[in-house]
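If you read the protein sequences in the order shown, they are chains R and X. Each residue of the first sequence is one higher than the last, beginning at 108 in my numbering. Each residue of the second sequence is one higher than the last, beginning at 1371 in my numbering. Yeah, the Cβ is synthetic: ideal placement off N, Cα and C, and Gly gets one too. What you are looking at is a predicted structure, and each value in this text was computed from that prediction instead of being measured. Inspection log for the structure reproduced underneath, given as structure tokens.
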Amino acid sequence: MYDKPHFLLAGDRGLLVEFGAAIDPEINRKVRQIFLSLEKVPIHGVTEVIPTYRSILILYDPFQSDPDKLRQEILDRENKLDKLEIPPPETIEIKVAYGGDFGPDLDFVAHHNKLSPEEVIEIHTSGTYLIYMLGFTPGFPFLGGLSEKLFTPRLEKPRQFVPAGSVGIAKNQTGIYSIDSPGGWQLIGRTPIKIYDPTRSPPFLLKAGNYLRFERISGEEFQEIAATHKD
Amino acid sequence: MDIFEVIQPGAYTTIQDRGRFEYQQYGVPICGVVDSFAYRVANALVGNSQDQAVLEATVFGPTLKVLNQGLIAVTGGNLSPFLNNAPLPMWESVTIQSGDLIQFKGVKCGCRAYIAVAGGIDVPVVMGSRSTYVAGKIGGIDGRPLAARDRLNKGKGIAKAGNRVPSNLIPTYSNDIEIRVILGPQDDYFSEGVEKFLSSTFKVSHKADRMGYRLEGDMIMHRDGVEKSIISEPSVPGGIQVPPDGQPIILLVEQTVGGYTKIATIISPDIGKVGQAKPGDRVHFKEVDIEEAHRILRMEEEKIESMKMSLTG
């Protein structure tokens, strides 16, 4: 964590505020605090704020603000942080059917790590994962907290089609595909819950700075939930 | 009301408006038009507000059959628009009648044309915008580019034909463009690389679309001893990434997060110039500071406002 945030220009409408130089839960906690304070009490002239692993991208209207004013505002916020009422992060449960057609690479992940498929599921469902940031595709979570015991390289040849809801592992990361797309992650399961649905309000279930846990369900439960959530 | 039937969609024609805002924290890129000057002028010509949806055509424009009377304006790159058998004047509002045929007969200059219709192209608003986001499958018509047999509706609008942009305000799209940039956010990952970046001329490669433009030219080297990538972070349109191969990539409107270093960021009035560049065109970069960038922005805004006044006055 830096002593003082670093401010970097991102064009004529953006200011990047960095709080540290690592992927680290403490730094991300600071990101979340400042981000929520900016959501709650917006700075005049700020059009959008985007939290990341270790920084916040502030987009502003140059007719109403400038980087000097924003820098001062952010430093003020930081000094008053202990007086701000920041709600504690929430933890969301994501129901996952593991293995079989839902997770065709479960056996590979098990074999690669010298575990049984059951052990993979047990380790994956026992973790609590920090949602560092969303992106890549709408609502896709970049999660921290995968157990080293499950680290697995990406597929050598990416799949042309990975269904939305697929839960995968790539190196030291685990994540959930938010839309049908091509992809190279090792798929170990699938959730029937739509973490992103553009027709729903709100469209997104996950928010950066919150936590996520995976809960195991059976194939039958998957089908039941999928049926009730069908429009 | 029905306005167009798509006879042939062209190379890549999408419905776009000014963009989708406030969802970037969830990983939804802005999308929207690439050339916002041409877009805003097109809307002003047909009496639309500044956020209504238009068609963005790329290199080879669409063929559209007109289904009802309306008023259109075509701006941006000159892709040789025709109305029936005669050239369709650009940068001016033109009445169209049921049965008319709008065609594009090939690119003369620029890359992207904007077709605005009085009342705006009417498709459902998704997360605050009508813009098509093809990778995310939202906006426009089912989140995809136009296809043959699509029928397009318009909203209500009134304006008069014959609104015309003064010729001195019509941009000329050259094959050799100067793009103004503010250095950063990661210019400190480069040393001589910055000088080389600012003194070189790059060629637009064939990998050029709404996500980004890959450039070819001198290799831009990172400083010795620094990481060539960063912890993934969101980018703004106009960010210029330098991946480890040293060939810059201009990021445009359909980007979310990335882990390459960004040597500089294009000032917003110049992003449209990039969007009008084609593969093979030449680009060089000029540094401005943030105060200068904001002065340029104010001048651009005044230009658009005074033009809007002249159209309505």
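Buried versus exposed, by CB contacts within 10 Å (16 or more), residue i
i: R:Tyr109; result: exposed
i: X:Lys1632; result: buried
i: R:Leu233; result: Before going further, note that residue 233 of chain R is Ser rather than Leu in the sequence given. With fewer than 16 other Cβ atoms within 10 Å, it is exposed.
i: X:His1576; result: exposed
i: R:Lys256; result: exposed
i: R:Leu319; result: buried
i: R:Val203; result: buried
i: R:Phe170; result: exposed
i: R:Glu133; result: exposed
i: X:Met1497; result: buried
i: R:Glu200; result: exposed
i: X:Asn1418; result: buried
i: X:His1706; result: No information on residue 1706 of chain X is available, as it lies outside the stretch 1371 to 1683 that chain X covers here.
i: X:Ser1537; result: exposed
i: X:Glu1426; result: buried
i: X:Ala1663; result: buried
i: R:Phe268; result: exposed
i: X:Ser1676; result: exposed
i: X:Leu1516; result: buried
Contacts around residue i, its chain only, beta-carbon distance under 7 Å, and the 5 residues preceding and following it disregarded
i: X:Val1416; result: Leu1441, Ile1442, Ala1443, Ser1463, Ala1486, Val1487, Ala1488, Gly1527, Ala1529
i: R:Glu331; result: none
i: X:Thr1635; result: Val1551, Ile1552, Gly1554, Val1606, Gly1608, Gly1609, Ile1610
i: R:Gly127; result: Met108, Tyr109, Ile134, Arg161
i: X:Ser1468; result: Val1436, Leu1437, Asn1438, Gln1439
i: R:Thr244; result: Ser285, Ile286, Ser288
Chain R contact residues for residue i, given Cβ-Cβ distances below 8 Å
i: X:His1664; result: Asp119, Pro169, Asp173
i: X:Phe1560; result: By Cβ distance, chain R contributes nothing, its closest Cβ being about 14 Å from X:Phe1560, past 8 Å.
i: X:Thr1631; result: Simply none; closest approach about 11 Å.
i: X:Ile1660; result: Leu116, Asp119, Asp173, Pro174
Own chain partners of residue i with C-beta closer than 6 Å, once the 5 adjacent residues on each side are dropped
i: X:Arg1534; result: Glu1462
i: X:Gly1683; result: In this prediction, X:Gly1683 scores a pLDDT of 48, lower than 50, which makes its location untrustworthy; no coordinate-derived value is stated.
i: R:Gly291; result: Arg261, Leu262, Pro265
i: X:Glu1656; result: With the sequence shown as reference, residue 1656 of chain X is identified as Lys, and Glu is not the correct amino acid for it. The residues are Glu1548, Arg1550.
i: R:Ser273; result: Tyr284, Leu294, Arg297
i: X:Gly1563; result: Ile1590, Met1591
Amino acids of chain R, ordered along the chain, whose beta-carbon sits closer than 7 Å to that of residue i
i: X:Pro1555; result: Leu115, Leu116, Ala117, Leu123
i: X:Gln1394; result: Glu155, Ile157
i: X:Met1497; result: Pro305, Pro310
i: X:Leu1667; result: Asp119, Pro169
i: X:Ile1552; result: Leu116, Gly118, Asp119
Span of the alpha helix (DSSP H), counted from its first residue to its last, around residue i
i: R:Val227; result: 224-233
i: R:Arg184; result: 174-186
i: X:Gly1642; result: 1638-1645
Neighbour list for residue i in chain X, Cβ cutoff strictly below 9 Å
i: R:Tyr160; result: Ile1601, Ser1602, Glu1603
i: R:Ala315; result: Gln1395, Tyr1396
Where residue i meets chain R, residues with beta-carbon distance less than 9 Å
i: X:Ser1638; result: Gly118, Asp119, Arg120, Pro169
i: X:Lys1507; result: Ile286, Asp287, Pro305
i: X:Val1391; result: The residue asked about is misnamed: residue 1391 of chain X is Phe in this sequence, not Val. What X:Phe1391 touches in chain R: Thr154, Glu155, Leu166.
i: X:Thr1684; result: Because chain X is modelled from 1371 through 1683, residue 1684 of chain X falls outside the range shown and cannot be assessed.
Residue i, enclosing beta strand (DSSP E) - first and last residue
i: R:Leu319; result: 318-324
i: X:Leu1415; result: Counting along the chain, X:Leu1415 falls outside any beta strand (DSSP E), though it belongs to the alpha helix (DSSP H) covering 1406-1415.
i: X:Arg1584; result: 1582-1586
i: R:Leu293; result: Per the sequence shown, residue 293 of chain R should be read as Gln rather than Leu. Looking at the DSSP string, the run of the beta strand (DSSP E) that includes R:Gln293 is 293-297.
i: X:Leu1568; result: Where X:Leu1568 is concerned, there is no enclosing beta strand (DSSP E), although the alpha helix (DSSP H) it sits in stretches over 1562-1569.
i: X:Ile1619; result: 1619-1621
i: R:His113; result: 113-116
i: X:Asn1545; result: It is not in any beta strand (DSSP E) - X:Asn1545 carries neither H nor E in the DSSP assignment.
i: R:Gln140; result: Per DSSP, R:Gln140 belongs to no beta strand (DSSP E); it is in the alpha helix (DSSP H), 132-147.
i: X:Phe1452; result: 1451-1453
Check: residue i C-beta below 7 Å from any heavy atom of the ligand COA
i: R:Thr335; result: This structure lacks the ligand COA; in fact it carries no ligand of any kind.
Listed by chain order, chain X residues near residue i by CB distance under 8 Å
i: R:Ile130; result: Ile1601
i: R:Phe87; result: Lying before the first or after the last residue shown, residue 87 of chain R is absent from chain R, which here runs from 108 to 338.
i: R:Leu237; result: None at all; the shortest Cβ gap to chain X is about 14 Å.
Of the residues the options, the one placed nearest residue i, counting alpha carbons only
i: X:Thr1502; options: X:Thr1383, X:Ala1408, X:Asn1448, X:Gln1646; result: X:Thr1383
i: R:Gln280; options: R:His231, R:Ile324, R:Gln267; result: R:His231
i: R:Asp287; options: R:Phe247, R:Leu241, R:Ile295, R:Thr154; result: R:Phe247
i: X:Leu1585; options: X:Val1404, X:Met1591, X:Thr1571; result: X:Thr1571
i: X:Val1411; options: X:Phe1374, X:Ala1517, X:Ile1540, X:Gly1509; result: X:Ile1540
i: X:Gly1506; options: X:Val1623, X:Leu1667, X:Ile1637; result: X:Val1623
i: R:Asp168; options: R:Val153, R:Arg323, R:Lys278, R:Leu122; result: R:Val153
i: X:Asp1421; options: X:Pro1639, X:Ile1511, X:Gly1525; result: X:Gly1525
Contact list for residue i against chain X, beta-carbon separation under 7 Å
i: R:Gly242; result: Gly1397, Pro1604, Thr1626, Val1627
i: R:Ala333; result: None at all; the shortest Cβ gap to chain X is about 19 Å.
Proximal residues to residue i (C-beta, below 8 Å), its chain only, five neighbours per side dropped
i: R:Ile141; result: Val124, Phe126, Ile163, Ile181, Arg184, Glu185, Leu188
i: X:Val1424; result: Ile1385, Gln1386, Asp1387, Val1403, Tyr1409, Ala1412, Asn1413, Tyr1484, Ile1485, Ala1486, Val1487, Gly1490, Ile1491
i: X:Asp1470; result: Lys1435, Val1436, Leu1453, Asn1454
Between the segment 1606-1627 of chain X and chain A, which residues of the former have CB atoms less than 9 Å from a CB of the latter, in chain order? Considering every chain present, this structure includes no chain A. Its protein chains are R and X.
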